[in-house]
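When we follow my numbering, the leftmost residue of the sequence shown carries the number 49, and every step to the right adds one. Positions of the beta carbon are idealized from the N, C-alpha and C atoms, including for glycine. The structure appears below as structure tokens.
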Amino acid sequence: MANIILLGPPGAGKGTQARKLVDERGMVQLSTGDMLREAKTSGTEMGKKVAEVMDRGELVTDEIVIGLIEEKLSSGQGNGFIFDGFPRTLPQADALGRLLAKIGQKLDAVIEMRVDDEALVHRISGRFTCGKCGEVYHDATKPTKVAGTCDVCGSTDLRRRADDNEESLRTRLMEYYKKTSPLIGYYYHAGDLFGVDGLAEIDQVAASVAAILDQQV
Ligand code: AP5
Ligand code: MG
Numbered sequence: 049m050a051n052i053i054l055l056g057p058p059g060a061g062k063g064t065q066a067r068k069l070v071d072e073r074g075m076v077q078l079s080t081g082d083m084l085r086e087a088k089t090s091g092t093e094m095g096k097k098v099a100e101v102m103d104r105g106e107l108v109t110d111e112i113v114i115g116l117i118e119e120k121l122s123s124g125q126g127n128g129f130i131f132d133g134f135p136r137t138l139p140q141a142d143a144l145g146r147l148l149a150k151i152g153q154k155l156d157a158v159i160e161m162r163v164d165d166e167a168l169v170h171r172i173s174g175r176f177t178c179g180k181c182g183e184v185y186h187d188a189t190k191p192t193k194v195a196g197t198c199d200v201c202g203s204t205d206l207r208r209r210a211d212d213n214e215e216s217l218r219t220r221l222m223e224y225y226k227k228t229s230p231l232i233g234y235y236y237h238a239g240d241l242f243g244v245d246g247l248a249e250i251d252q253v254a255a256s257v258a259a260i261l262d263q264q265v
């Protein structure tokens, strides 16, 4: 069992790799982005508060996302947690360390997914997701087998994200470099950092991630 963070800019492939680890290893994916998108559609006060911030591509407050993670950590952990898109700031990283210690757990690896900005623009502009099962696709690199139908669950509810436009992506990238990339140094100093070439093909990236995980167990 291992608890890992997938760290990388928007479009690095965090969600794609996390879903593979859920299927292949029975790990539990904790994506704060997915949790916040769920909150957005729930019509709650919190949902309304975060919707505009997310659509602009800015980070929501540490307090909100730490609260979401804390809630999920107390439910089952399967074969380890995959933190996807969390932590994104130094206070979130500190909070995660404290929350894991509280449940007698620790972090085993932080996997930095390295990709260049040009590839990110291409990935984000071609991405769509199944609204029912969450499978992630791409117009060019991972299309559905039958146009308009999810390969996994057969749903025709395929969606594009409100923040997957050029302007929001620019803001998301800036937020990443300003607030999240300092975590690379933070985890390097803690001795937990590993890097993978996120530009490789999806299955190759998965093999690199698997090799790191196998070293940890
Ligand atoms: P979040 O949902 O986490 O978005 P993100 O970090 O911008 O990352 P993405 O989900 O866009 O990319 P990904 O790395 O998962 O890539 P994917 O696998 O989909 O956050 C959204 C917003 O929520 C934030 O902007 C913020 O407002 C808020 N938020 C979330 N967490 C927060 C936190 N902790 N604190 C504060 N605010 C928070 O892949 C992308 C595309 O590329 C897909 O089409 C895929 O098919 C394709 N692809 C993937 N891998 C490959 C490959 N190897 N080769 C070719 N194509 C590939
Ligand atoms: Mg994602």
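- Ranked by Cα distance from Asn51, the options Glu215, Leu206 and Ala66 are led by Ala66.
- Uninterrupted beta strand (DSSP E) stretches at least 3 residues long and entirely within the segment 159–201 occur at 175–178 and 184–186, given in chain order.
- For Gln140, the closest alpha carbon among the candidates Phe176, Leu116, Gln153 and Asp82 is that of Leu116.
- Taking the Cβ of Thr192 as the reference point, every heavy atom of the ligand AP5 lies at 6 Å or farther away.
- Remark: three or more beta-carbon pairs, one from each stretch, lie closer than 8 Å, so the segment 57–64 and the segment 158–165 are flagged as touching.
- Sequence-distant partners of Leu69 (beyond 5 residues in either direction) whose C-beta falls short of 6 Å from its own C-beta, in its chain, are Met75 and Ile130.
- Each residue's CA atom was taken as its position, placing Asp199 and Cys178 some 9 Å apart.
- Checking the 6 Å criterion, the Cβ of Gly115 is out of range of every heavy atom belonging to the ligand MG.
- By the C-beta density criterion, Tyr236 is exposed, having fewer than 16 other C-beta atoms within 10 angstroms.
- By the neighbour-count definition (other C-beta atoms within 10 Å, threshold 16), Asp212 is a buried residue.
- Separation of Val113 and Glu249 (C-alpha to C-alpha, rounded to the nearest whole angstrom) is 31 Å.
- In this chain, Ile130 is not harboured by any alpha helix (DSSP H); it is covered by the beta strand (DSSP E) spanning Phe129 to Asp132.
- For Val108, no alpha helix (DSSP H) segment is defined, and its DSSP state is neither H nor E.
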